[in-house]
Every structure is written in structure tokens, then in C-alpha cells.
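A.B. asks:
Protein chains: 2
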Amino acid sequence: MSKILRLNMVDKSFRWEDVKPDWQGLGGRALTSRIVREEVPPTCHPLGAANKLVVAPGLLTGAPAANAGRISVGGKSPLTGGIKESNSGGLVSIKLARLGVKAVVVEGRPENGGFSVVKISKDGVEFLPADEFAGLGNYDTMARLWERFGKGVGVMSIGQAGEKRLMGASIHFADPAGRPGRAAGRGGLGALMGSKKLKALVVDDAGADPVPLADREKFKEASRKWAKYLMEHPVSGQALPAYGTAVLINIVNEAGALPTQNFRGGRFEFAEDISGEHMAELIKQRGGKTKEGCHPGCVIQCSQTYHDKEGKYLTSGFEYETIWALGANTLIRYLDEIAVIDRLCDDYGLDTIEMGCTLGVLMEGGVIPWGSGPAAIEMVRKVATDDPWGRIVGNGSVFTGQALGVDRVPAVKGQGLPAYDPRAEKGVGLTFATSPMGGDHTAGYGVAVNLLGCAGGGNPLKKEGNIELSRNLQVATAAIDSTGLCLFVAFAVLDNPDALQCIIDMINARYGLSLTGDDVTALGRQVLKDERSFNRDAGFTKAQDRLPEFFKENLKPHNVTWDFTDEEVDQVLADL
Amino acid sequence: MSKILRLNMVDKSFRWEDVKPDWQGLGGRALTSRIVREEVPPTCHPLGAANKLVVAPGLLTGAPAANAGRISVGGKSPLTGGIKESNSGGLVSIKLARLGVKAVVVEGRPENGGFSVVKISKDGVEFLPADEFAGLGNYDTMARLWERFGKGVGVMSIGQAGEKRLMGASIHFADPAGRPGRAAGRGGLGALMGSKKLKALVVDDAGADPVPLADREKFKEASRKWAKYLMEHPVSGQALPAYGTAVLINIVNEAGALPTQNFRGGRFEFAEDISGEHMAELIKQRGGKTKEGCHPGCVIQCSQTYHDKEGKYLTSGFEYETIWALGANTLIRYLDEIAVIDRLCDDYGLDTIEMGCTLGVLMEGGVIPWGSGPAAIEMVRKVATDDPWGRIVGNGSVFTGQALGVDRVPAVKGQGLPAYDPRAEKGVGLTFATSPMGGDHTAGYGVAVNLLGCAGGGNPLKKEGNIELSRNLQVATAAIDSTGLCLFVAFAVLDNPDALQCIIDMINARYGLSLTGDDVTALGRQVLKDERSFNRDAGFTKAQDRLPEFFKENLKPHNVTWDFTDEEVDQVLADL
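These protein sequences, in sequence, are chains A and B. Heads up: the first sequence begins at 1 in my numbering, then just goes up one per residue. Heads up: the second sequence begins at 1001 in my numbering, then just goes up one per residue.
Given below as C-alpha cells:
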């Protein structure tokens, strides 16, 4: 039987708890959001003692299902002031699941004393002083933790940004090679972890039993089909493994939806230079690796190892969103410069989307010149120093806009927008506006339908159909995020009705249940209800479900504007 | 007939407009809040083109009534994101009224070009380039504007903080001696003025006719009594002229409500050193002046000229709130150090309450030591330099808390709290929580009743009576703020029923009306309704009507906590 593990960071104690009956059917995002909803006072200060950091594997995590190893991290967001679930790959999720940990709830805030490392293993839970790790970046932290606790242990850690409780701070997860390229990036949860004085969570599943399966045969059958469907789909089976997520650069640029120069245009002159195709070429030339998974059991393998000109390791998990944010959005055209910033962000523990939006705002305010990689790199480096600029840029795009008196800030609910101009991809634009997460693409990825043609395709430039699209995808995604499955299973699920049935069959076979498609939809709806009710009590209204005013400007090349009325936007999540 | 003057800052044009019928009976805060409510989109960015800066004399301003020369400044607040009215003394209000200007509405936001000075006189309206003033502090700006346009003209200006659009920036008004000691301090309206690229408004009423009075005799009779009542009351007639508002230091300290060390205690060990009594002594020794009015026609004279040890002018308008914020709150015990910071704030154009709360947060975060005047002075000086710390501290207490990851920040709706611990003065505490202005004492000054014993007195330490007290004072204050009368008339009004009748008689005699006390209350209610509906549409809910969590801590010496339930707090303005 799985348990809830509560860590008290004040007296360094822990407690195992049985899972409450109404939490039994929850996992991943459904569970983190429920625990936050029930236990965190919505009006509390995100860095105060009352906030909690919740970490939960998904419902399918740990079982032999392809791409089910994602971890959900939740809490009241330091960045948005609302509820937050941010998920990531890495090793921690599967290991927690194998140890029978349904969720870890990190509680309390030490007033004094240094950082801790908490180690969870079959032998129990240990609080260890982290003096030797405090002040280190994620690269060194993970390397030293592997040295100390054994190669291959799961690590979740923060860098200097999280230690400083900066609102752009992310939480990083060691990938199978022990590198911090994987992150629960969004919403400043690294600052929440920093406020708890938790430098790292180490999870060692040595000696743990396999995750129990109620019906082993049925599970095997469903999971075999499942892997096959994922590999058969052209996006998850071919495009992503070949070029990584950066395959989207050329596609989105062609669609006129690649935000350029702080969302001034939809096409980047030098898109080719930062494309996934070009990246794959460089990787091959320099001896990196194009196909890697962020967790064991991944059959998509969209990650990669990116080397510098000298053929030395530079960064990994080098994503489309990162490359857009630090590239097209800032007019920086050199992939190597972008890779350096990505590396710094992984090391310091900073969300790359937020940092890209922030650098755009810095350029908007004239602090550094448009397109200057060296100036951007110098600015990001300040996050790990005592320079107050580091505190400004590490706190994200809205904060930096306020520091500079700049109002052209692409953000919703305080969170910087991802790599799709909402005027030219209206489906994801509605998700940006209405998701309880703030500006977020993963919460309802209209791009899959409108730009990649899944589920018969849609029109990214017109309003028609996009309200329903965003709603349906937000509901479905909330359910997917609760299973531990990677978001990139969505392509297969959208195009193949059998794929959704596979997920349901796997859940049923894992737990001995008989859920239907309706139950899954109901789960997604319930997640959104939990999240929206938290935000409501935290003081959010429809007024926060709005894009910045400048999206009324005309966007080239399609000459489109953000033309939804407030009433239309409010329809997206009106009836859950 | 009075007119509305609209300034278009983009094309440097202006337009005179007749006053709409339903604006006729409004003035001061009632008018600025109504114009903002009707014309500013509540969800707009405060520094964007859609926000407006509205300046309005009160209903009685310009007429020969004692203490009626206050000016109201309104807009969407860069600091709180809600509606803001901040009022001030100075010369501008009376001169606008005499020129027949019911309100100035500053519109549009220039994308290019430098700052402007706008001059309003009998001869018309002129836009002048402000290149020679840009970058100057308020002291130099005012001095040079008097040099250029004549001694005694009205000046409303911003310093470096407003030019940089920092959220703690205030708008300053030349006092009768041409010094910037008077400010519409709160809510960052200086940043709004900066975003409009308006460095200063100059108002010259030379040659203007006296303000018309519908019934001269009745007005004279009422105004004679009015001045007498003000001077007869011990607070406005004796305490304030003798010691300035800083007379409150010893009183509030004695009451255990003087917030000390970032609201950790209610008594300051060195209160005597920063008291009004001590200040008056120093002023006398050093050749300053204890009794000055902030505008012609003031009979209270709570202002002063404060000299340094060498007997040279240091600062003026040296208020209780300022001395508390920069003194007891930061543990700085030397009045001369506090005076230097006050002087810098007046010069750069910074709200002293916000800066005091900000310095407390900086000390809380360990950036500068508690009680160090020199360190605080150095930090404030950075606001006028390129040092990014200046951008942090100039943006106020909440921003600085976010920069440092400090959650002990005494603020409501983003605005730093004034000089009364809400646990030990629960009446004003309820005003802090519920005022549409954010943490503000002037919006419903329970202190007058609970600590100064007006209207029969009240109990500052108990809940009983304070919900009604805060509500009634908020309604009454909204009406008073619409007349142009100084808040310090409240003592006489609270203790003498004839005084309120005097105000009504003066308004009636000025405009030929026959208003009653009920009409005045209705006006106050309507102002609050306008303001609250703006905030609601801007996205505020009850969740923002809350004090920070740390006020649940016990406060010495009275061992009191903030013990109102949310439901009780929500009763304050539930039925308007």
C-alpha cells in the first residue's frame, strides 16, 4: 500500500500516513492540486510557513508503461500567487513509486539553520545537513550527491536561484546521466523549496519491490499496444526523436506564430539557425547525442546531449521552448550562445521560458541590446552573484518589467508566456489566458491540433472552434498530468482513439478498477475545479484571465490580432 | 463656469470641456475617482497608454474657507493595481480652482521624446520641453521653475523616481516657500506621471478672478465659525501647531501601537529622541520654524522647517508618518538621520511611508543593519543613480520583499502600512485591510477616536465598535477628501456637530445648493462604491482585504493579536 510521506522541515522529522480514501484514485497533478487545495491557505504568503511543497508520481508511474515516469510538483506559486503544478522527467518519480510513496509533502519553514538534504530509501528517511552543497549549482550538487549516495539515485534539487527564493527558480531532476537538464520549471517552485531550506531530495529505490499490478496480463497487453501507438505516430515516433522538440522552430515559424523580439512579430529571420534540424546537424558533427529519454521507459527520446565547438559537453534537454525564449524572442541567433544560457539556467535552477521573457523585457527597457548573446549571458550569470541585477532578472519577466517601468511584458497571472503567439495560435492563446497555472502551453496544447494537424486539425488564426479546443485539451491534460504520462503522448491519443483506451486499461489493470473514458474526463474536470477554487480563494477573478493589452496590436505575417471578447474567453472554463 | 482640462501627452494638445451634469457636484477625490472609474479600463497596465492621471481641487478649494486647499490626484495605482486617490497640500489646488479648472486629466503616453512641462495660466495652456529639468530632483526643479515662471507659481512635479516609473514614486507640490515637502505620496502616482512624460505642471493664477460664491454673506458667516472651531480644538488648535504631526510619536508609543522594527513591537525604546516635542526643541535651538501651513488659508500650521546642526535648512513637512517609518520601524533613532532621508525622498520624489517599510524589509533581509542611518541613507541615494538596488528599493516594500525572498512585509494590496500597529489600534487596522486604497491610515483614521479620544473615544485593543468606526470614518473621509479640506479638520468635526454643519453651509453658499448631512454621507458612500467597483473589475476580491499573516503574532506591550475573522473584516464595507 502506498503512503503519504510528510517532512517537517522545522524539527527535521517525518511521518508516514495512510492515503485518505478520497485521495486513493488520485496521482500526479490531481493529487498535488488536491493536497494544496485542502491544506494550503489560499491567501498565505507563498514563501511563508503555511505553504507546502508537494511531490507526487503519477497513477501509472513505476509500472512498466512507456513514458509514465513524470513527476508532479505542486504548491502555491511564488510567481503567480495561485496554485501551481509543474511536472518533469528524471529518476525521482519512478523511484518514489517503487518505494510506495504516493506523495511527499514538505511542510514548515525553518527560521534558522542551514539547508538540508533529505534521503528516502527502503531503509527509511534521513535528514542530512547540506552545508557542503549550499551555494552550489545543480550540476555540482547532483554530481556530489551521486558520489556520496551512489550513481543512479534519484535527485531533485535547487540551485542558487532557489536558495535565494527567486520567483523564476525551478526545481531540477537528475536525468539518467545525472545531469540537471530536467526541471519542474514553471511558477517559481524552486523558491518554495528554497524557503523550506531543502536543497535536495535524494531517492534510492535499491531493494524495492516492483510496483504491484492487479492484473499483470491485462497490463502487459495494454502497455505493449501503448508503446506501439506512441512509436507509430509521426510526431512522437519520428520528428521528436530525430530533432528533439526544437523540430517545432521551423514549423511554428512557418505558421507565423513564433514570437519574435518580445512578441513583435511571428517570424524570426534566423529561424533556420536555431532550428531542430540545425541542432541535430551540429550534434552529429560534434559528437553529442540526438536521442535520449528523460526517464527510463521513455520510447520517444526527445532529449539530447549538445556539445560545444570543441566537442565538449555543453548542455542537455535543450528544448524548443528554451531555444525560442532565449533565441527568437531576444533576437539571439546563435545556438551556442543560447545553449550557454540554457546551461546556466539548469545550473542555477531557473526556468528558461521565464528567463527568455525576462531577457526580452531587459532588451525592451534598453538595459542590454537586442540580439546580444554575450550581454544576455553576463546578465544571467549575475543570478549566482551578489549583484542586485541577479535578484531582478531571477524574479522573472513581470518583476523585471516593474523594475524598469516597462509595460510590454508577455505574461498572464505573472507567468511569462511560452513560444506561441496567441494571435496566430488562438487555441493555445485561450489556454494562456484561462489556465489556472498562468501563461502555460502544456495546460492545453492547442498547437497539437492547430499547427500539427492532430485530431483532424484546426484553424489557429480564427476564433471558431478554439474555445472548445482549449477547454477539451485543458480537461484532458489535467487527467494526463495525473497519470505520470509525458505530455507528448497527446499526439497519439488525439489521433488514435485506441490509445486513450490503452491508458484506461493500464490504470484499471494496475489498480483493479473499471474506469471508463468518462471517469478520466471527470478526473480532469475535478483537477481544474480544485485548482480554480484555490485561485478564487486566493483572490483571482476573471480579470486575471486576460492577455496583456499589446496583443491587440496587429501581428505579421498573417495580420491577426487577439480578437476574443472577454465573454468568449470566460466561456473556456465556464462549465466544468 | 469651471471646466475640465484634458492634456494629450502624445500630440501635446489640450482641450477644454464642459463639466458633465453628473460630475457637477463632485470635487477632489469624488471627481478623480469618478473619472478614473468611467474612463480608465480597470485591467489596463498602470503605466500603459490607457491609464490617466487626474488632478482635481476640492469642492471648497479656492473659496475663502480655512484649510480647503488640498489637491486630489487619481489614477490606476502602479503600486496597488487598484484605484488610487492621494491628496496633498501646496499651491496648485487653489490656483487651479481660481482659474476655473475643475480637473486636469492627463492622457496618452508618448512613445518617444523627452519630458514636458505644462503651464496653465489665464492666458491658456502651454506644452514646453523639459529637457533642462529632466533628471533633476524636486528641489532643483521647483527652484528653477520659480526662477523661470515667477516666485509663487504652483508647481506639481516628479523627481528621479517618477521619471524612472518606480512604484514608490510620489508627486510633489511646492509649498508656499517653494519647497517640495508636500506630496501626493502614496500608490506610486509619480510613476504614472512619469509614464506620461510629464515632469511638472505649473499653475499661475495671476489675474484670475476670485472663486464665485453664490451667497457671499452666508459663506463668510460659516467660514468664520469654521476657522474658529478648528482653532478651538486642542489637537488642531494646539498640539499640531506646537509640535507638528510628530506629536503623535509619544502618544502612539505610550499606547503601545508604534510599530517598531518592522512591526515586531508596539513601543520604541528611543521614542523620545524622535518625538515631536524633541523636534520642536531642536528647531528652536537651530533657528528653524515650528509653525507653517502647507497651503494659504491653513489655520492649523502643522508643518515646519527643520535645520541641521549647523543651522542650515535640511527639510520641511517633516511628518509623524515619515519619522515613524524611517525611525521606529527601522530602529534608526537619530532625528537628523531621519531628516536626511526625508529630504532625499522629497527630492527624488519617493513616498516616505513606503520607503520606511522598504528599509525595514531590507533590514529584515540582512541587506543593511537594523538601526543604521548611514546605511539607509546610502541605499536611498541609489534611487537617483544607475545602481539596480535603487530600482529595487524605489519600487516599494512588497517588491523589495520579493527581491529578497522576505515574506515579513507589512503591506495590504501592495502598499506599505502606516504608523499604527493594527493589533493595538484595531480601528485603523480595519481601514488598512479594507480601504480600496490599500494599506492607508488617512482613509478612515480610527486613531482620532481610539487613541486621541475624539467623539467620546473608543477601545483600540478590542474588536467592539471598530467595524462601525472604520466604516463610518471611511465614508466620512471620502466626503471630506472631496471638499479639498485637510484631514485634520476631522478632530473638530468629530467633537463638534456644528463643525460638520459649517462644511455643509459653506458648500451650499458656494454653489447655491441646499445639501444636508445625508447628502454628504451619500457622497462619501458613492465615492467608495466607485472605487470598490473599479477594484472589483481590476480583479480584486475579499482575499485582498486581508492583513499579512504575521499580525497573528502577539504584540507587546499589550499582548494583542489581529483577532478579527475574515467575516468580520468583510462587514466593514459590506453595506454601503
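Beta carbons: idealized from backbone N, C-alpha and C, even for Gly.
Using 8 Å as the limit for Cβ to Cβ distance, is residue 967 of chain B near chain A?
C.D. replies: Nothing about residue 967 of chain B can be read from this structure; chain B reaches only from 1001 to 1576.
A.B. asks: Sort B/1550, B/1219 and B/1049 by Cα distance to residue 1508 of chain B and report the nearest one.
C.D. replies: Comparing Cα-Cα distances from residue 1508 of chain B to each of B/1550, B/1219 and B/1049, the minimum goes to B/1219.
A.B. asks: Under 8 Å between the Cβ atoms of residue 1154 of chain B and residue 1202 of chain B?
C.D. replies: Contact flag set, yes.
A.B. asks: For the structure I just gave you, are there three or more beta carbon pairs, one from the stretch 197-213 of chain A and one from the stretch 115-131 of chain A, closer than 8 Å?
C.D. replies: Segments in contact, yes.
A.B. asks: Does residue 1236 of chain B pass the burial test, meaning 16 or more other C-beta atoms within 10 Å, or should it be called exposed?
C.D. replies: When all chains shown are included, residue 1236 of chain B counts as buried.
A.B. asks: What are the start and end residues of the beta strand (DSSP E) that includes residue 257 of chain A?
C.D. replies: Segment: none, residue 257 of chain A is in no beta strand (DSSP E) and carries neither H nor E.
A.B. asks: Using a Cβ-Cβ cutoff of less than 8 Å, which residues in the same chain neighbour residue 1452 of chain B once the five nearest sequence positions on both sides are dropped?
C.D. replies: The answer, listed in chain order, is 1235, 1251 and 1491.
A.B. asks: Looking at residue 1420 of chain B and the ligand PLP, is the gap between the Cβ and the nearest heavy atom below 7 Å?
C.D. replies: Among the ligands in the structure shown, none appear at all, so the ligand PLP cannot be discussed.
A.B. asks: Going along the chain, which residues of its own chain have a beta-carbon closer than 6 Å to the beta-carbon of residue 1542 of chain B, five neighbours each way excluded?
C.D. replies: Taken in chain order, the residues that qualify are 1570.
A.B. asks: Tell me, please, whether the CB atom of residue 1407 of chain B is closer than 8 Å to any CB atom in chain A?
C.D. replies: Yes - at least one Cβ of chain A is within 8 Å of the one on residue 1407 of chain B.
A.B. asks: Within a Cβ cutoff of 6 Å, which residues of the same chain sit near residue 1419 of chain B, ignoring the five residues on either side of it in sequence?
C.D. replies: Contacts found: 1321 and 1324.
A.B. asks: What is the C-beta distance between residue 1578 of chain B and residue 1404 of chain B, in whole angstroms, given that I count them as a contact (C-beta under 8 Å)?
C.D. replies: Absent from the model: residue 1578 of chain B. The displayed extent of chain B is 1001 to 1576, so no value can be given.
A.B. asks: Could you please tell me which residues of the stretch 1184-1216 of chain B, in chain order, have their CB closer than 9 Å to any CB of chain A?
C.D. replies: Residues passing the 9 Å Cβ filter: 1191, 1194 and 1195.
A.B. asks: Listing by chain order, which chain A residues have their CB less than 8 Å from the CB of residue 1381 of chain B?
C.D. replies: By Cβ distance, chain A contributes nothing, its closest Cβ being about 14 Å from residue 1381 of chain B, past 8 Å.
A.B. asks: Under 7 Å Cβ to Cβ from residue 191 of chain A, same chain only, skipping five residues before and after it: list those, please.
C.D. replies: Here the set comprises 47, 78, 162, 165, 166, 167 and 169.
A.B. asks: Between which two residues does the beta strand (DSSP E) containing residue 419 of chain A stretch?
C.D. replies: Looking at the DSSP string, residue 419 of chain A is not in any beta strand (DSSP E), and its letter there is neither H nor E.
A.B. asks: Taking C-alpha atoms, which residue in B/1032, B/1017, B/1179 and B/1290 lies nearest to residue 1481 of chain B?
C.D. replies: The option with the nearest alpha carbon to residue 1481 of chain B is B/1032.
A.B. asks: Could you tell me whether the Cβ atoms of residue 106 of chain A and residue 53 of chain A are closer together than 8 Å?
C.D. replies: The answer is yes: Cβ separation under 8 Å.
A.B. asks: Going by CA-CA distance only, name the one from A/454, A/422 and A/448 that's closest to residue 439 of chain A.
C.D. replies: When only C-alpha atoms are compared, the closest one is A/422.
A.B. asks: Using the DSSP secondary-structure output, state which residues sit across from residue 1392 of chain B in a beta bridge.
C.D. replies: DSSP lists no partner for residue 1392 of chain B.
A.B. asks: Is there a Cβ of chain A sitting closer than 8 Å to that of residue 1392 of chain B, yes or no?
C.D. replies: Judged by the 8 Å Cβ criterion, residue 1392 of chain B is in contact with chain A.
A.B. asks: If we define contact as Cβ-Cβ less than 8 Å, is residue 558 of chain A a contact residue for chain B?
C.D. replies: Answer no: the Cβ-Cβ gap between residue 558 of chain A and chain B never drops below 8 Å.
A.B. asks: Residues of the stretch 1323-1347 of chain B with a CB closer than 9 Å to any CB of chain A: list them in chain order, please.
C.D. replies: Listed by position along the chain: nothing, the set is empty.
A.B. asks: Against residue 47 of chain A, what residues of chain B qualify as contacts under a CB-to-CB distance less than 7 Å, listed in chain order?
C.D. replies: Result: 1405 and 1407.
A.B. asks: Under the DSSP definition of a beta bridge, which residues are partnered with residue 1156 of chain B?
C.D. replies: BP columns for residue 1156 of chain B point to B/1173 and B/1201.
A.B. asks: Nearest to residue 1204 of chain B by CA position, among B/1096, B/1556, B/1378 and B/1025, is which residue?
C.D. replies: It is B/1096 whose Cα lies nearest to the Cα of residue 1204 of chain B.
A.B. asks: Given a limit of 8 Å on CB to CB distance, which residues of the stretch 143-177 of chain A reach chain B?
C.D. replies: Those residues of the stretch 143-177 of chain A that come within reach of chain B (Cβ to Cβ, closer than 8 Å) are 164, 165, 166 and 167.
A.B. asks: When the Cα atoms are used, what is the spatial distance from residue 528 of chain A to residue 436 of chain A?
C.D. replies: Approximately 8 Å, taken between the alpha carbons.
A.B. asks: Buried or exposed: which applies to residue 116 of chain A, given that a residue is buried once 16 or more other Cβ atoms fall within 10 Å of its Cβ?
C.D. replies: With 16 or more Cβ atoms within 10 Å of its Cβ, residue 116 of chain A is classed as buried.
A.B. asks: Let me know the beta strand (DSSP E) ranges lying completely inside the stretch 1416-1469 of chain B, each 3 residues or longer, listed in chain order.
C.D. replies: You should have found no qualifying run.
A.B. asks: Can you tell me where the beta strand (DSSP E) with residue 1387 of chain B in it begins and where it stops?
C.D. replies: Careful: residue 1387 of chain B lies outside any beta strand (DSSP E) and carries neither H nor E.
A.B. asks: Helix or strand or just coil, what does DSSP make of residue 558 of chain A?
C.D. replies: Three-state result, residue 558 of chain A: coil.
A.B. asks: Measuring alpha carbon to alpha carbon, tell me which residue in B/1472, B/1433 and B/1434 is nearest residue 1449 of chain B.
C.D. replies: Looking at the Cα atoms, B/1472 is the closest of the given residues.
A.B. asks: Report the rounded CA-to-CA distance for residue 369 of chain A versus residue 406 of chain A, giving the unit in angstroms.
C.D. replies: Those two C-alpha atoms are separated by around 15 Å.
A.B. asks: Under 8 Å by Cβ, that's how I've got residue 243 of chain A and residue 279 of chain A pegged, so tell me the actual separation to the nearest angstrom.
C.D. replies: Contact holds; Cβ gap of about 7 Å.
A.B. asks: Hey, how far is the Cα of residue 381 of chain A from the Cα of residue 493 of chain A?
C.D. replies: Between residue 381 of chain A and residue 493 of chain A, the C-alpha separation is close to 41 Å.
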